[in-house]
Structure formats: C-alpha cells, structure tokens
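> Shown below is the structure under consideration.
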Amino acid sequence: MIVFDKVTKKFPLGNTALNDVSFEIDDNRFVFLVGQSGAGKTSILKMITQEIKPTSGSIIVDDFDVTDKNFSQKIDLRRKIGIIFQDFKVLSDKNVFENIAVSLKVIGADQSEIKAEVKRTLELVGLSKKEMVFPVQLSAGELQRVAIARAVIGDRNIILADEPTGNLDPKTAWDIMKIFKKLEGKRTIIVATHNTDIVNSFQKRVLVLKEGKIIKDQRKGGYEL
Amino acid sequence: MKEIWTSIRRTPYQSLSAFLILFFTLFLSLMLFVSLTFLNSILSYLETKPQVTVYFQTKTPETQIFKVRDELMNSGKVLSLKYISKNEAFNIYKQLNKDNPLLLEMVSADILPPSLEIYAKKPIFLPEIAEYLKKQGDIDEVQYEKNIIDKLLILTNTIRKTALIFFSYLIIMSILVLITMILFKIALKESEITLLRLIGATNFYIRKPYVMESLFLGITASILSFGIFALSVLYFNPFLQSYLKGITTLSVDVFNYQLVIWPLNYIFFTIVFISTLIFGAIIASAASYIATNKYLKV
C-alpha cells in the first residue's frame, strides 16, 4: 500500500513541486498519474523511491514510513520497487541478459536463480531470442522492454513508470502497455504519462495533477485536465 | 578480473596514468625506505664499534692501565671495556698483515702500545671520558668517533625528515590523481550508478568494481616497482660489496628482532615486498573509496 498524507515539497529556490497532496493506493492496483509537465508526477515517483524527501507530510510505502526521521531501510525499500524511465536507462556495455540480471545481482541472488528468473522475464516481455544482444542493436521498443524486464524481475511488487511510452511510436507504445496489462493485479503499478489514448482505453484509476495539487481522483477515469 | 580488464580497456589513458603515478610513488617510497633502513643500520653498526680507544705508552705498567680501567668502570658512564695487551695487539697486527712478511718482520710486540676499547653508555659521555683519559699520565693517544656518529645522526635525521615530507607529498599526489581518474570513470557511468542506487544496490556493490580496479593497479604497480628495485639491487650488489667491505653484518631492530639487511637476505626482501604491496593497496583503496563517496548520495 502507498499512502501520501498532506505531502508538500518545496525546493530551496521556492518553487513548489507538490502542495498538500494526499492519496492512497492499495496493493496490486493500477494507477495513472496525469498532468502537464511540471505538475508533480515525477516528484511523486521520486518520493516513493526516496530520491527526494518531502518538506512536510508523511509517506508510507509498503509498510515503510519513509518520512520517519529514523528511517534507515532505503535499500530494502528500493529492492521492492521497479522503475521504468522514459529514456530506458539501459546499460550500454551490458547485453540484454546482464541488463536484466543486474536487478537480481544487487540483491545477492545466486547464479541459478538469476538464470531462471531472467529467462522467465524475457518471455514475459517478448525478448527470449535476444538475451545476448547489446543495447546498440535494439530498437527503442525493445530497449523499453529490457527496462520493463529489469523493473519487474524478482520480488519487486511496486512498478513505477515515468513516461514509459514517451519516446515510442504509437504502435510500440501499445505493445509496451500490453506488458503492463499482463502484470495487472499482480503488482502495484503507477504510470506517469501524457498518452491520452492509453489512459482512456485502460479505464483505470487516474490521479490528475495540476500545479502540484491533485485536482481529480477518478476510480475508472480517462485523460482530462 | 574480466570486468577489471574491460574497464581498463575502455579507459586506457586514465588507467595508464593512474598506474604510472602509483608506480612512481611506490618505487620512490621503496627506495627511500630501503635507504633509510640502510642508514639506520649503519648507524647502529657504528655505535657497536669502540667509541673511545686509548693507547697507552709502551712502557706503561699494566697495574696503571688496570687502575684507569677500574676508575672508568666505576664512573657509571661506561657500558663496557676491553683491554688489548701488547701481545694481543701484536696478534691482531699479525692477522691484519699476514700477507705481508716485510711488515711482520719490522714489528714486534714490544713496540705496539697496549690499549683500552671503551663503549660509553650514551654518546654524550664520550667527550667527558676522552677528557678524563687525556688527563691521565702515560697516555699516548685518545681516539674517539663522536664526530662520525654525530654526522651520521644528523644525516639520518635530515634524510628521515626530508623523506617524511616527500612521502606525504607522493601519497597526496597519487591519491589525488587516482581520485581524479576514478571520478572521470565514474562520470562516464554516473547514470549507471544512479540506476544501481535506485534498484537497491548497496554502497559496497557500487564501489566494488572501482575499488577492485584500483587495487589491481596498486598491486601491479607494487609488483613492478619491487621487481625493478630488486633487479637494481642485484645489479649494484658488487658495488655495495666493495663499498661495505669490512662490514660483516648490518641489521635493524624490529620489535626486538634483529633483522639482517646486509648481506642481502630474503627475509628483508620479503618484508619490503609485502610492505610495498600493502602500501600500494592502501593508497589505491583509499583513493577509490573517497572518489566513489561523491556518487553514493542518491
């Protein structure tokens, strides 16, 4: 479960990224975060991963009170979260297998477990035949599949996707979203996006942000600003 | 090992400059360390030699010599004394000139003076002992080596202080160069490190490849600098043998153990090698630790 309670984030130069934001997301739910650039979507994702801390308010992520002054389990928290970026952040000097395996390596998984899990995840994202290929040989859609595989492998039960289709053509974007569809109900998925068609067709919960505030929280909504 | 090699291949110039600076630091440190050890051992050696030798006139009766000897022993300033009689002096002379019959024929025990070899408890007592002896009758000559020991002490202290400054400079320089080199490498991989942090990698996991590569460079530089040092010592061994002719053994006190450094022996070489390895590893790990710190705050 993810709980934001009256969360405000002000940066030192005075601009406010989030202003008194509150919401709850139950386990294994699919939520879209929509809003114009600078509305606060990425700030919410970064607060969940502890990249930035709120100025005030409290945040609970998967039973971790990340705003507690004595919170010291940042690494444990991050091992439960998979992140997907608009620019993929695929490691150029590692092949597909190694890029996905890194998610398990950092938690100290053994080699046989890594091999089996990567194989299973490659099938999920449709890259079974490309495990030894390097990123330079992959298309944008395939790179995003690698990033998704890296995010969902293992026990990562919260998936955060920041504009996952932002760099993709419409057809590839739909292919990518189909992978999210496969994960629906099994993980908590939060997708920050501008893609109107995708939000409208999924008919999932939509949190609409404007100037750092949640202006709409639609249980089965579409893209409205 | 494969990852280390790949990283070196990807940034060959940075790796080479890091290696050369490490090699330079380690080689010079090694030379300074060994030179200081030799100087200290020569100092210790000279301190074991008779510090004051007093030659009596040939006609001086032994009772008079023994009287001086006893007074010196009771002064509290003398560690030990050795009496060399005329006959003993002649035996020493014969031994020294056994290959020169002409010299042997010319000298008899009667013309050689009896002497006392005196070892002072502290070098500061040497002038007092010499002064006391000069005031005694029947004294032919008083010799003492205070000046040599003093000069060597000054030389050793000067070299030690200079070496300390030079060591500090070398260490700071090599750590800074290594930090710069590692920071450059990390800058190329900044997004990878950020990603690793976000997916839950520990600081150790992120640091490991940089520390391992630095350790590899540090250890390789240590081995090469020791190898070149060892070859140089072997090359100059004949020169050292002729220069240190007459000195049978040189040693330094290491935790109450007399470590022999001359003639060259493998224990000393092993200790020097291990020290160089440890020194190289410490410099390399410290630099990589400091450099990676900057990027672990995500």
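The listed protein sequences correspond, in order, to chains H and X.
Quick note on our numbering: the first sequence kicks off at 2 and runs consecutively.
Quick note on our numbering: the second sequence kicks off at 559 and runs consecutively.
We treat Cβ as the ideally placed atom computed from N, Cα and C, and that holds for glycine.
If contacts are defined as beta-carbon pairs under 8 Å, then threonine 50 of chain H and arginine 79 of chain H qualify, I think. What distance do you get, rounded to the angstrom?
6 Å
> How many angstroms separate the CA atom of serine 113 of chain H from the CA atom of alanine 162 of chain H?
28 Å
> In this structure, does DSSP put valine 830 of chain X in helix, strand or coil?
helix
> Can you tell me whether alanine 110 of chain H is helix, strand or coil according to DSSP?
coil
> Using CA coordinates, which residue listed in X:Ser565, X:Lys560, X:Phe581, X:Ile566 is at the minimum distance from glycine 785 of chain X?
X:Phe581
> What's the C-alpha gap between aspartate 698 of chain X and phenylalanine 826 of chain X?
44 Å
> For serine 749 of chain X, would you say it is in contact with chain H, using Cβ-to-Cβ distances shorter than 8 Å as the test?
yes
> In whole angstroms, give me the CA-to-CA distance for isoleucine 737 of chain X and valine 103 of chain H.
26 Å
> By how many angstroms is the C-alpha of glycine 776 of chain X removed from the C-alpha of isoleucine 676 of chain X?
Straight-line measurement puts the Cα of glycine 776 of chain X at about 50 Å from the Cα of isoleucine 676 of chain X.
> Residues in its own chain within less than 8 Å of lysine 221 of chain H by CB, not counting five upstream and five downstream?
Cβ neighbours of lysine 221 of chain H beyond the five flanking positions: Gln204, Lys205, Arg206.
> Which same chain residues, not among the five before or five after phenylalanine 86 of chain H, have their C-beta less than 7 Å away from its C-beta?
Ala148, Asp163
> Would you grab the beta carbon distance between glycine 167 of chain H and histidine 195 of chain H for me? Rounded to a whole angstrom, and I think it's under 8 Å.
7 Å
> By how many angstroms is the C-alpha of leucine 711 of chain X removed from the C-alpha of glutamate 629 of chain X?
30 Å
> Using a Cβ-Cβ cut-off of 7 Å (strictly less than) and excluding sequence neighbours within five positions of threonine 595 of chain X, which residues of its own chain qualify?
Val810, Ile819, listed in sequence order.
> Confirm, please, whether the CB-CB distance from isoleucine 160 of chain H to glycine 83 of chain H is below 8 Å.
yes
> Taking only beta-carbon atoms, is isoleucine 757 of chain X less than 8 Å away from chain H?
yes
> For the ligand NAD, is there any heavy atom lying closer than 7 Å to the beta carbon of valine 610 of chain X?
No copy of the ligand NAD appears in this structure; indeed no ligand is present at all.
> Flag this pair as touching only if the segment 720-737 of chain X and the segment 567-581 of chain X have three or more C-beta atom pairs under 8 Å; answer yes or no.
yes
> Once DSSP output is grouped into helix, strand and coil, what is the label at lysine 214 of chain H?
strand
> If you draw a straight line from the alpha carbon of lysine 644 of chain X to that of phenylalanine 797 of chain X, how long is it in whole angstroms?
37 Å
> Am I right that aspartate 6 of chain H and serine 59 of chain H are in contact with their C-beta atoms under 8 Å? What's the rounded C-beta distance?
Contact holds; Cβ gap of about 5 Å.
> Rounded to a whole number of angstroms, what is the C-alpha to C-alpha distance between leucine 808 of chain X and phenylalanine 683 of chain X?
Their Cα atoms are separated by approximately 25 Å.
> Using 8 Å as the cut-off, can you tell me whether the segment 24-41 of chain H makes contact with the segment 185-193 of chain H, which would need three or more C-beta pairs spanning the two stretches below that distance?
yes
> Go through its chain and collect everything with a Cβ distance to valine 22 of chain H's Cβ below 6 Å, but skip five positions before and after it.
Phe5, Val8, Ile215
> For the pair the segment 649-659 of chain X and the segment 630-640 of chain X, tell me if three or more CB-CB distances fall below 8 Å.
no
> Would you mind listing the alpha helix (DSSP H) stretches within the segment 703-770 of chain X that are 4+ residues and don't spill past its ends, in chain order?
704-746, 748-756
> Could you name each continuous beta strand (DSSP E) segment of 3 residues or more that falls completely within the segment 611-645 of chain X, going from the start of the chain to the end?
636-642
> With 16 as the cutoff for other CB atoms within 10 Å, does valine 626 of chain X come out buried or exposed?
By the neighbour-count definition (other C-beta atoms within 10 Å, threshold 16), valine 626 of chain X is a buried residue.
> For isoleucine 190 of chain H, which option in H:Asp63, H:Val97, H:Lys131 has the closest C-alpha, if you only look at C-alpha atoms?
H:Asp63
> DSSP three-state call for phenylalanine 89 of chain H: helix, strand or coil?
coil
> Where does glycine 695 of chain X land, buried or exposed, given buried means 16+ other C-beta within 10 angstroms?
exposed
> Mind checking if tyrosine 815 of chain X is an interface residue toward chain H, Cβ cutoff 8 Å exclusive?
Under the Cβ criterion of 8 Å, tyrosine 815 of chain X is not counted among the residues facing chain H.
> Who are threonine 9 of chain H's beta bridge partners in DSSP?
H:Ser57
> Beta-carbon within less than 8 Å of methionine 770 of chain X's beta-carbon, same chain only, minus the 5 sequence neighbours each way: which residues are those?
Glu561, Ile562
> Using the three-state DSSP reduction, which class does phenylalanine 585 of chain X fall into: helix, strand or coil?
helix
> Assuming alanine 193 of chain H contacts leucine 19 of chain H under a Cβ cut-off of 8 Å, what Cβ separation, rounded to an integer in Å, is found between them?
Going by Cβ atoms, the distance from alanine 193 of chain H to leucine 19 of chain H rounds to 13 Å, so no, they are not a contact pair.
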